[in-house]
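Quick notes on the structure that follows.
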Amino acid sequence: MEAHNPNRIYRINFRLTDVEHQKILTSWQKSSDQKLSDYGRKLLLGKPVTFFIRDRSWDLFTAEMAKLRKELKVLGNNFNQVVRRINGLKELPRYEFWLQDAKKKQETLLEITKDIQQQINKNASTWYQKSS
């Protein structure tokens, strides 16, 4: 982003149709320029413009990872509560109940961890193919 330059005293005004205006705004929003004036100046003067490119596979991966992270956090908290209860028990029947519950939660945690690994592997192979 260019800083305000006090030597820039000239202003150029021109009119656009709605379609032209929307096309310029859409293109500008995909660029790295914070100000429309910086973007327009670069275009008019033939300077390079940097554009952000979105990768749909990354968006899908990020959404899936956010969902799995939330599930993993809830299950991790539940698992920790069960382990604390097991450690505080003195009676054998209650101990067996909580131990079985802990095993179920551990299996669920392992399944989610496996899902995360599969998602990472799937997307990693996609990304490696694109970069090759």
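All residue numbers in the sequence shown are consecutive under this note's numbering, ending with 1051.
Yeah, the Cβ is synthetic: ideal placement off N, Cα and C, and Gly gets one too.
Our contact map puts residue i next to residue j with C-beta atoms below 8 Å; I'd like the distance itself, whole angstroms only.
i       : j      : result
Val1001 : Trp977 : The pair is not a contact, with the Cβ atoms about 36 Å apart (cut-off 8 Å).
Glu983  : Gln941 : No, Glu983 and Gln941 are not in contact; Cβ-Cβ is about 33 Å, not under 8 Å.
Closest to residue i by C-alpha separation, out of the options, would be which residue?
i       : options                           : result
Ile931  : Gln948, Leu963, Lys992, Ser946    : Leu963
Lys1041 : Thr981, Glu939, Gly995            : Thr981
Asn997  : Asp1020, Arg1013, Pro1012, Arg975 : Asp1020
Taking the alpha-carbon positions, what's the residue i to residue j distance?
i       : j       : result
Thr1027 : Glu1015 : 19 Å
Lys961  : Pro967  : 7 Å
Ile928  : Lys986  : 52 Å
Gln1025 : Leu979  : 27 Å
Ser951  : Glu1030 : 40 Å
Arg1003 : Asp1034 : 27 Å
Arg934  : Arg975  : 35 Å
Asp937  : Phe970  : 23 Å
Gly995  : Arg1013 : 21 Å
Gln1036 : Ile972  : 26 Å
> Do the region 947–960 and the region 989–1007 meet, that is, are 3 or more Cβ pairs less than 8 Å apart?
Replying inline: Using a C-beta cut-off of 8 Å, the region 947–960 makes no contact with the region 989–1007, since fewer than three inter-stretch Cβ pairs fall below that distance.
>> So, does the region 931–948 touch the region 979–993, judging by three or more C-beta pairs under 8 Å?
In response: Segments in contact, no.
> For the region 965–1032, which segments carrying the beta strand (DSSP E) assignment without a break, of at least 3 residues, lie completely within its bounds, in sequence order?
Replying inline: For the region 965–1032, not a single whole beta strand (DSSP E) run of length 3 or above is found.
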